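Residue numbers (the working numbering), protein chains in the order written: chain A, 7 to 355; chain B, 70 to 408.
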């Protein structure tokens, strides 16, 4: 990967929540890179830390959660499209979460679309006002110009009659339309990175298909990178260039989508892919379920967090923290099995 | 026809459920939300009928009307009772209904809100036994322990409260509760959609296993077509309160006859990056059941719509044996399914 393609590098990110009951290690070792103009999907089950990772990037981790360790290197490029000249690299992890630097980035260069459009939009402001707020916060434009831009954005996301819906309140719109409004708001400042946290999960299949198509089309037009968070392996296959699998706060595998589906290396990824029902498969087959359940966050297993459920567990998996290794070019995995010489595992099994 | 009837456990005909829209000071009824509008289907003994559709299409309401958990506005729900043979659920009085309903149970979608947090597993799973059979003491404990074992929970958990369990385990508790009275028929209302991917497979396998060992019949309400393909013998598709297609699983997936079924199937994201993506993206939104379009409710979004679709409401007809569809153009269209 050429260095000038990198937009965001996440290195060894750890975000913990110190609570009365104990420390929740929500993100406990996340490593991945997002390239300019590409889509990276983060897959995992609930509680795996995929949303907290995104919140860490934007520095909106709810208290008492904090980033304990790690770097979030955001590469800012100059506007000169020809040269891709890199202007500077900012470590988002070191910024003051309430300071002016992150506020200039948040919503402007890195924007976010949330899962529940109803709970994340203000019910007492019109769609237009909420989009205009973002525009006027980051750009020196008059109210009339901002409104003009809001209508234009609504038009681009396929909102019907944008000059009317700009004055609509969220409750007057359907779920799919609200999500379009959210996307319009996120894209109103032409971000270089769009973080989408399960944007289609609350929607029906046919509406979700519309939103997925829309995001792909907007990416082509506007060229932003997308950090797509989901639990749906079907959506990942459709939208992503590269994917990352998370389990209990750790990124366990990173690869391009085709490799991840056809040559998964981590036992969790393999098990996950086998356990999902597929519409193309004949009925009445037993699913290969993953045994056990996701452990309690206060009481994580030692060593590799997946070892109690792993089919290929070896004698060392319960006490060695598996390293993050590049097993094949561009294919990273966090599993002892692929680490030569270090641990004695069930490789033969 | 007589032979067909023998296999059947449940027959629903012309089921309607209208929710009145009330307005103004006198709460005058100004219109109706036609949540379920003239729906007819049947379920054979020992099989699973998948009832699919998008949110608001009336699939959950249909499931609840069958149990009379919601009082239907119109229609017949005929159930083959173990003692009396065919009975019409809608005409039963409360005593009779309570008796028949012991054979019909429901598993709810959300395992977090459907279990009372102040009751132990013994109370939760044992409640139907106490109420209907007056069971108590040792016998009750033994029966509950047995039920917990059958859904893969440890009987030692008897005195614990639901908060101590994960989503998948809670759903197992819900299943154990539904099984308590040895039902023959269970309405599964989106039983896995609130669960994580790795746990979904466990619950789906459990439901299949129980179906085999107890000879259960399921009405499986779901929006996920992949899940339904795995579990259902037959599939019924609903759109804005109406049944648009019903056929065997092996028939409907490769050969859908209704354009909505076709679009619904093509919209499901495939977990395969190499799959060819020729998706039919439907224009517009699901119609408002309080103010549905004229003719076929699907015509404003249908890419095959013609003049007749705008004017005439199609009826559900049996185009080939056991394959029902309500589309004017079903014969002439050749639609793409999934193989």
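Heads up, the beta-carbon is just placed ideally off N, CA and C, and yes, glycines get one too. The model shown is predicted, which means the values in this text are computed figures rather than measured ones.
Of the residues A/300, A/115, A/150, A/132, which one's Cα is nearest the Cα of residue 144 of chain A?
A/115
Check this for me: beta carbons of residue 199 of chain A and residue 66 of chain A, under 8 angstroms apart or not?
no
Could you say if the stretch 117-132 of chain B and the stretch 182-191 of chain B meet the contact criterion of at least three C-beta pairs nearer than 8 angstroms?
no
Got a sec? Which residues, its chain only, sit under 8 angstroms from residue 60 of chain A by beta carbon, not counting five neighbours each side?
48, 118, 201, 203, 233, 235
Exposed or buried, what is residue 16 of chain A when buried is set at 16 or more other beta-carbons lying within 10 Å of its beta-carbon?
buried
Am I right that residue 250 of chain B and residue 190 of chain B are in contact with their C-beta atoms under 8 angstroms? What's the rounded C-beta distance?
Not a contact, Cβ separation roughly 17 angstroms.
Considering only the beta carbon of each residue, do residue 329 of chain B and residue 306 of chain B sit closer than 8 angstroms?
yes
Starting from residue 128 of chain B, follow the beta strand (DSSP E) in both directions and report where the run begins and ends.
Careful: residue 128 of chain B lies outside any beta strand (DSSP E), inside the alpha helix (DSSP H) at 128-135.
With a cut-off of 8 angstroms, does the C-beta of residue 271 of chain B fall near any C-beta of chain A?
yes
If you measure beta-carbon to beta-carbon, which residues of the stretch 220-247 of chain A are closer than 7 angstroms to chain B?
237, 238, 239, 240, 241, 243, 244
So residue 334 of chain B contacts chain A; which residues on that side make the cut at Cβ distance below 8 angstroms?
285
Got a sec: is the Cβ-Cβ distance from residue 339 of chain B to anything in chain A below 8 angstroms?
yes
DSSP three-state assignment for residue 418 of chain B, whether helix, strand or coil
Coverage of chain B is limited to positions 70 through 408, which leaves residue 418 of chain B absent and any answer about it impossible.
From what residue to what residue does the beta strand (DSSP E) around residue 83 of chain A run?
72-83
Just reading off the alpha helix (DSSP H) that residue 267 of chain A is part of, what are its end residues?
263-268
Identity of the residue in A/333, A/260, A/18 nearest residue 62 of chain A by Cα:
A/18
Considering residue 6 of chain A, what are the terminal residues of the alpha helix (DSSP H) in which it resides?
Because chain A in this structure spans residues 7 to 355, residue 6 of chain A falls outside the shown range and cannot be described.
Kindly indicate the opening and closing residues of the beta strand (DSSP E) around residue 118 of chain B.
117-121
Look at the alpha carbon of residue 4 of chain A and the alpha carbon of residue 29 of chain A, and state the distance between them as a whole number of angstroms.
This structure cannot settle anything about residue 4 of chain A, because the visible part of chain A is limited to 7 through 355.
Have a look at residue 185 of chain A and residue 121 of chain A and give me their C-alpha separation to the nearest angstrom.
8 angstroms
For residue 355 of chain A, does the count of other Cβ atoms within 10 angstroms reach 16, so buried, or fall short, so exposed?
Low confidence applies to residue 355 of chain A: its pLDDT is 36, below 50, so where it sits in the model is not reliable, and the reading given next is rough at best. Exposed, because fewer than 16 other Cβ atoms sit within 10 Å of the Cβ of residue 355 of chain A.
Using a Cβ-Cβ cut-off of 8 angstroms, state whether residue 51 of chain A counts as contacting chain C.
As a matter of chain content, chain C is missing from the structure shown, whose protein chains are A and B.
Grouping DSSP H, G and I as helix and E and B as strand, with all else coil, what is residue 105 of chain B?
strand
Is it true that the CB of residue 338 of chain B sits closer than 8 angstroms to the CB of residue 1 of chain A?
The displayed coordinates of chain A run from 7 to 355. Any statement about residue 1 of chain A would go beyond what the structure contains.
Residues bridged to residue 24 of chain A [DSSP beta-bridge criterion]
A/29
Let me see if you follow: with CB-CB separation under 8 angstroms, is residue 281 of chain A close to chain B or not?
yes
Minimum Cβ-Cβ distance from residue 396 of chain B to chain A less than 8 angstroms
no
Straight-line CA distance for residue 133 of chain B to residue 256 of chain B?
8 angstroms
For the stretch 336-347 of chain A against the stretch 309-325 of chain A, are there 3 or more C-beta pairs whose distance is under 8 angstroms?
yes
For residue 179 of chain B, decide whether its Cβ has a neighbour in chain A, counting only Cβ atoms nearer than 8 angstroms.
no
Residue environment, residue 124 of chain A, which counts as buried when at least 16 other CB atoms sit within 10 Å:
exposed
What distance in whole Å lies between the Cβ atoms of residue 367 of chain B and residue 313 of chain B, which are believed to be in contact at a cut-off of 8 angstroms?
7 angstroms
Identify the contact partners of residue 265 of chain B in chain A, using a Cβ-Cβ distance below 8 angstroms as the criterion.
51, 52, 237, 300
Given that residue 210 of chain A touches chain B, what residues does it touch there, using C-beta distances under 8 angstroms?
123, 124, 292, 355
Could you name each continuous alpha helix (DSSP H) segment of 4 residues or more that falls completely within the stretch 280-325 of chain B, going from the start of the chain to the end?
294-300, 318-321
Going by beta carbon distance, what residues of the same chain come within less than 8 angstroms of residue 104 of chain A, once the five residues before and after it are set aside?
none
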